[in-house]
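For reference, the structure is listed below as structure tokens.
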Amino acid sequence: MSTRRGRAISAARGVLTGLVSGYAALAVAELVSVAVRPEASPLTSVGGAVVDRTPTAVKDWAIRQFGTADKLVLQLGILAVLALFAAFLGVLALRYRRGASLGVLVLGVVGAVAATGRPDSVSVLDAVPSLCGAVVGAGVLYILSGPLGSPASAHDGGAGAGGPGRRGFLLATAGVTAAATGLGYLGRRLNASSAASAEASRAALRLPRPASPAPALPRGVDLKLPGLTPFTTPKGRFYRVDTALVVPRVDADSWRLRIHGKGVTNPLDLDFRDLVGRDLIERDITLTCVSNEVGGPYVSSARWLGVRLDELLAEAGVKPPSRGGQADQLVARSVDGMTLGTPVETIMDGRDAMLAVGMNGEPLPFKHGFPVRMLVPGLFGYVSACKWIQDIELTTFDAYDTYWVKRDWAREAPIKTQSRIDTPRPFARLKPGQVVVAGIAWAQHKGIERVEVRVDDGPWEEADLAAEGPLDTWRQWSWRWPATRGGHTLQVRATDRTGYTQTDRRTGTVPDGATGRHSVVVDVN
Ligand SMILES: Nc1nc2c(c(=O)[nH]1)N[C@H]1C(S)=C(S)[C@@H](COP(=O)(O)O)O[C@H]1N2
Ligand SMILES: [Mo]
1 MSTRRGRAIS
11 AARGVLTGLV
21 SGYAALAVAE
31 LVSVAVRPEA
41 SPLTSVGGAV
51 VDRTPTAVKD
61 WAIRQFGTAD
71 KLVLQLGILA
81 VLALFAAFLG
91 VLALRYRRGA
101 SLGVLVLGVV
111 GAVAATGRPD
121 SVSVLDAVPS
131 LCGAVVGAGV
141 LYILSGPLGS
151 PASAHDGGAG
161 AGGPGRRGFL
171 LATAGVTAAA
181 TGLGYLGRRL
191 NASSAASAEA
201 SRAALRLPRP
211 ASPAPALPRG
221 VDLKLPGLTP
231 FTTPKGRFYR
241 VDTALVVPRV
251 DADSWRLRIH
261 GKGVTNPLDL
271 DFRDLVGRDL
281 IERDITLTCV
291 SNEVGGPYVS
301 SARWLGVRLD
311 ELLAEAGVKP
321 PSRGGQADQL
331 VARSVDGMTL
341 GTPVETIMDG
351 RDAMLAVGMN
361 GEPLPFKHGF
371 PVRMLVPGLF
381 GYVSACKWIQ
391 DIELTTFDAY
401 DTYWVKRDWA
411 REAPIKTQSR
421 IDTPRPFARL
431 KPGQVVVAGI
441 AWAQHKGIER
451 VEVRVDDGPW
461 EEADLAAEGP
471 LDTWRQWSWR
481 WPATRGGHTL
491 QVRATDRTGY
501 TQTDRRTGTV
511 PDGATGRHSV
521 VVDVN
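Counted from 1, the sequence shown has number 69 at position 69 by full-length UniProt numbering; the numbering is strictly sequential.
Here you go:
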């Protein structure tokens with residue numbers, strides 16, 4: 001056998017050894033994370049740490065590029081990097097057995113640091129899964145790259161195919177792989193069953209009827225045109241934006257919420273029953289993400305059920321700054337360590353700010369914040385819509401910067417008046433004649449006064465507005481276009497009830513939301 005072939009075979013062994021060791025390490029870490037908490041498993045915590053440190057522009061790009069699959073892409077990316085490291089260490093172990101095994105331990109320490117450094121990490125125990133995994137991984141690497149894996153004869157090219165050394169190596173490799181698969185599977189299953197009690201608590205939940213039901217929607221709020229976004233976003237189509245790699249599954253029966261801080265004369269500590277035992281309101285509200293680009297998808301509308309937040313704050317003794325209150329910022333904290341800051345003045349100005357427990361006639365879905373989330377109509381999600389909320393602290397904007405504010409986003413962020421063309425789609429091929437152009441426009445808590453459409457550089461033409469829903473919802477519009485042959489650009493702009501008309505000045509989403517007008521290029525032939 002040529003030495004080149006011998007070298008290739010031993011490199012392949014090295015790679016295989018490394019990958020199997022890494023696999024074993026991850027499997028053990030997954031199993032150990034059951035005893036600590038699911039979020040402390042290395043893939044989740046390293047992923048979270050990457051999210052925390054990713055520059056805002058890149059994060060924005062990833063959300064745009066991959067949408068809700070951004071988290072999957074991230075985890076696959078981390079797996080790929082880990083596999084590279086593992087393969088490298090496996091090859092290194094052919095020469096430097098101890099050094100390479102030590103390298104695995106170093107990777108474990110990196111994982112442990114990532115896990116304990118997450119904003120939701122409350123204990124150094126979060127380091128344990130990564131460390132246990134690394135110890136096992138290092139051990140596997142050390143053993144597999146030992147005499148069992150490289151018979152002395154391999155060095156002088158004398159190892160024939162299927163020699164005892166190779167058979168031993170393959171058997172050991174297969175054994176470790178099988179064991180790791182079993183342990184990893186067990187870990188996944190156990191982690192899943194800790195979510196089961198939360199799922200049971202949601203399934204058993206019967207939400208009370210609202211003391212103040214949602215006002216009936218006027219006929220004609222939904223034009224029901226093909227291609228047009230429905231007035232109420234259908235189940236499962238509501239946009240989702242958050243930093244959670246694992247959707248928190250909180251058990252409603254053990255959920256608690258504290259309301260405390262500056263100017264709170266009567267701190268509250270509520271459980272779920274305390275909360276839903278109060279008068280509930282039901283409202284249609286359109287939620288929007290600050291990361292929504294002009295024409296983007298991160299805007300959705302639902303009928304929410306919840307408890308008025310201004311009443312809870314009043315009960316806690318909180319006054320808005322305009323009436324002498326000491327706190328101008330409410331910081332909401334979620335079970336996964338996210339912090340969102342909202343002006344107290346806005347929450348207490350009479351709008352329907354709430355702690356929501358229901359969405360479209362059901363308990364909140366887990367990914368939308370079960371059991372309780374905050375909503376403040378008119379404000380972007382990142383300054384108002386805390387999901388999986390567990391703590392409300394009254395403080396000042398001077399005293400505390402929340403998660404996204406530390407990362408270049410504005411402290412205060414009312415939703416900007418915007419409009420979108422839903423149909424025709426970009427680059428649609430159309431026939432000359434009547435074409436229905438339609439879309440939505442939103443200016444939550446202000447209302448939409450007018451929508452206009454323009455073809456190329458032509459005059460602005462007033463669109464027909466759908467019937468007006470509640471003040472905090474979007475509004476549909478449509479316009480009949482006598483389309484003529486050729487390539488055309490359709491552009492839309494909305495005017496809200498304060499008299500503001502959307503500027504054509506395009507700005508990015510950072511720091512407080514995009515401006516500019518949506519346009520769509522079509523081909524009429
Ligand atoms: N706990 C938690 N709450 C959160 C977030 C988050 O990352 N974590 N993201 C916020 C952002 S940026 C938005 S736009 C809304 C989105 O709510 P949705 O996913 O229910 O549409 O949730 C807000 N609440
Ligand atoms: Mo957002």
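Don't be surprised by glycine CBs; every beta carbon is placed ideally from N, CA and C.
*Would you please state the rounded distance, in angstroms, between the beta carbons of L141 and V104? I believe it to be under 8 Å.*
The residue given as residue 141 occupies position 141 in the sequence shown. The residue given as residue 104 occupies position 104 in the sequence shown. Indeed, because the Cβ distance is near 6 Å, the residues count as touching under 8 Å.
*State the beta-bridge partners of A494 as determined by DSSP.*
The residue labelled residue 494 in the question sits at position 494 within the sequence shown. Bridge partners of A494: V451.
*Could you give the DSSP three-state label for H488: helix, strand or coil?*
To locate residue 488, count along the sequence shown from 1; it is residue 488. It is a strand residue.
*CA nearest to the CA of A100, picked from V124, V135, V81, A80*: Residue 100 sits at position 100 when you count from the first residue of the sequence shown. Closest option to A100, Cα to Cα, is V135.
*Looking at the structure shown, is R475 part of a helix, part of a strand, or coil, going by DSSP?*
The residue given as residue 475 occupies position 475 in the sequence shown. Here R475 sits in strand by DSSP.
*With distances taken Cα to Cα, identify the nearest neighbour of A204 among D251, I281, A332.*
Locating residue 204 in the sequence shown gives position 204, counting from the first residue. The shortest C-alpha separation from A204 is found at D251.
*Where D336 falls, given that 16 or more other Cβ within 10 Å makes a residue buried*: Residue numbering aside, residue 336 sits at position 336 when the sequence shown is read from its first letter. So D336 counts as buried.
*Please report how far the alpha carbon of N360 lies from the alpha carbon of A302, in whole angstroms.*
If you number the sequence shown from 1, residue 360 lands on position 360. If you number the sequence shown from 1, residue 302 lands on position 302. Between N360 and A302, the C-alpha separation is close to 6 Å.
*Of all the CB atoms in chain D, is at least one closer than 8 Å to the CB of G350?*
Absent here is chain D; the protein component of the structure consists of one chain.
*By how many angstroms is the C-alpha of A356 removed from the C-alpha of L340?*
The count along the sequence shown starts at 1 and reaches residue 340 at position 340. The count along the sequence shown starts at 1 and reaches residue 356 at position 356. So the two alpha carbons sit approximately 16 Å from each other.
*Does the segment 304 to 318 come within contact of the segment 396 to 408, defined as at least 3 CB pairs closer than 8 Å?*
no
_Identity of the residue in L465, G487, V435, H445 nearest D457 by Cα_ = Counted from its first residue, the sequence shown places residue 457 at position 457. Comparing Cα-Cα distances from D457 to each of L465, G487, V435, H445, the minimum goes to G487.
*In the segment 296 to 347, which residue ranges form an unbroken beta strand (DSSP E) of at least 3 residues, counting only runs that do not cross its ends?*
299 to 308, 329 to 334, 339 to 343
*Output yes or no for whether 8 Å exceeds the beta carbon distance between S130 and G111.*
Here residue 130 is taken as the residue at index 130 of the sequence shown, counted from 1. Here residue 111 is taken as the residue at index 111 of the sequence shown, counted from 1. Cβ atoms of S130 and G111: closer than 8 Å.
*For the alpha helix (DSSP H) that A69 lies in, which residues bound it at each end?*
In the sequence shown, the residue the question calls residue 69 occupies position 69. Segment: none, A69 is in no alpha helix (DSSP H) and carries neither H nor E.
*asked:* One question on the structure: do L217 and G433 come within less than 8 Å of each other, judged by their Cβ atoms?
replied: If you number the sequence shown from 1, residue 217 lands on position 217. If you number the sequence shown from 1, residue 433 lands on position 433. No.
*To the nearest whole angstrom, what separates the beta carbons of T423 and G227, a pair I think is in contact under 8 Å?*
By 1-based counting over the sequence shown, the position of residue 423 is 423. By 1-based counting over the sequence shown, the position of residue 227 is 227. Indeed they touch by this definition, with Cβ atoms about 3 Å apart.
*Straight-line Cα distance separating P267 from I259*: Counted from its first residue, the sequence shown places residue 259 at position 259. Counted from its first residue, the sequence shown places residue 267 at position 267. Going by the C-alpha atoms only, they are around 6 Å apart.
_To test your reading of the DSSP string, which unbroken alpha helix (DSSP H) runs of 4 or more residues are found completely within the segment 41 to 126?_
42 to 53, 56 to 66, 70 to 93, 97 to 116
*Distance, Cα to Cα, L245 vs A69?*
Translated into positions along the sequence shown, residue 245 becomes position 245. Translated into positions along the sequence shown, residue 69 becomes position 69. In a straight line, the C-alpha of L245 is about 11 Å away from that of A69.
*P482 (DSSP reduced to helix, strand or coil)*: By one-based count along the sequence shown, residue 482 stands at place 482. In the structure shown, P482 sits in a strand (DSSP, three-state: E or B).
*Examine ligand 1 and report whether any of its heavy atoms sits within less than 7 Å of the Cβ of T243.*
Within the sequence shown, residue 243 is the residue found at index 243, counting from 1. At least one heavy atom of ligand 1 is nearer than 7 Å to the Cβ of T243, so yes.
*Hey, out of P208, L89, T288, whose CA is closest to D279's CA?*
Against the sequence shown, residue 279 aligns to sequence position 279. Of the listed residues, the one whose Cα sits closest to D279 is P208.
*State the Cα-Cα distance for the pair L26 and A86, rounded to the nearest angstrom.*
By one-based count along the sequence shown, residue 26 stands at place 26. By one-based count along the sequence shown, residue 86 stands at place 86. So the alpha carbons of these two residues sit roughly 11 Å apart.
*For ligand 2, is there a heavy atom less than 7 Å away from the beta-carbon of C289?*
Here residue 289 corresponds to residue number 289 of the sequence shown, with the count starting at 1. Under cutoff, so the answer is yes.
*Output the distance between the C-alpha atoms of L430 and W481, rounded to the nearest integer angstrom.*
Here the question's residue 430 lines up with position 430 in the sequence shown. Here the question's residue 481 lines up with position 481 in the sequence shown. Distance between the alpha carbons of L430 and W481 is about 11 Å.
*Confirm, please, whether the CB-CB distance from W460 to E449 is below 8 Å.*
In the sequence shown, residue 449 corresponds to position 449, counting from 1. In the sequence shown, residue 460 corresponds to position 460, counting from 1. Not in contact: E449 and W460 (Cβ atoms no closer than 8 Å).
*Taking one C-beta from the segment 231 to 246 and one from the segment 485 to 503 each time, how about it: are there three or more such pairs within less than 8 Å?*
no
_Let's test the definition: count the other Cβ atoms within 10 Å of the Cβ of A93 and tell me whether it reaches 16, buried, or not, exposed._
The residue given as residue 93 occupies position 93 in the sequence shown. So A93 counts as buried.
_Check for me: the alpha helix (DSSP H) holding T3 runs from which residue to which?_
The count along the sequence shown starts at 1 and reaches residue 3 at position 3. Unbroken alpha helix (DSSP H) run through T3: 3 to 35.
*asked:* Using only the alpha-carbon positions, how far apart do A413 and L379 sit?
replied: Counted from its first residue, the sequence shown places residue 413 at position 413. Counted from its first residue, the sequence shown places residue 379 at position 379. Distance between the alpha carbons of A413 and L379 is about 6 Å.
_Is F380 close to ligand 2? I mean its beta-carbon at under 7 Å from any heavy atom of the ligand._
Along the sequence shown, one-based indexing puts residue 380 at 380. Indeed, a heavy atom of ligand 2 lies less than 7 Å from the Cβ.
*Is the beta carbon of D401 within less than 7 Å of some heavy atom of ligand 1?*
Residue numbering aside, residue 401 sits at position 401 when the sequence shown is read from its first letter. D401: no, Cβ never under 7 Å from ligand 1.
_Contacting residues, own chain, Cβ-Cβ under 7 Å from G158 (five flanking each side not counted)_ = Numbered from 1 along the sequence shown, position 158 holds the residue referred to as residue 158. For G158, the pLDDT reaches just 39, beneath the cut-off of 50, and the residue's location in the model is therefore unreliable, although a value from the coordinates is still provided. Taken in chain order, the list of residues that qualify is empty.
_Nearest-angstrom beta carbon gap, V36 and L125 [assumed within contact, 8 Å]_ = Position 125 of the sequence shown, counted from the first residue, corresponds to residue 125. Position 36 of the sequence shown, counted from the first residue, corresponds to residue 36. With 8 Å as the limit, L125 and V36 qualify as a contact, their Cβ atoms being about 5 Å apart.
_Can you tell me where the beta strand (DSSP E) holding S519 begins and where it ends?_
In the sequence shown, residue 519 corresponds to position 519, counting from 1. Its beta strand (DSSP E) spans residues 519 to 524.
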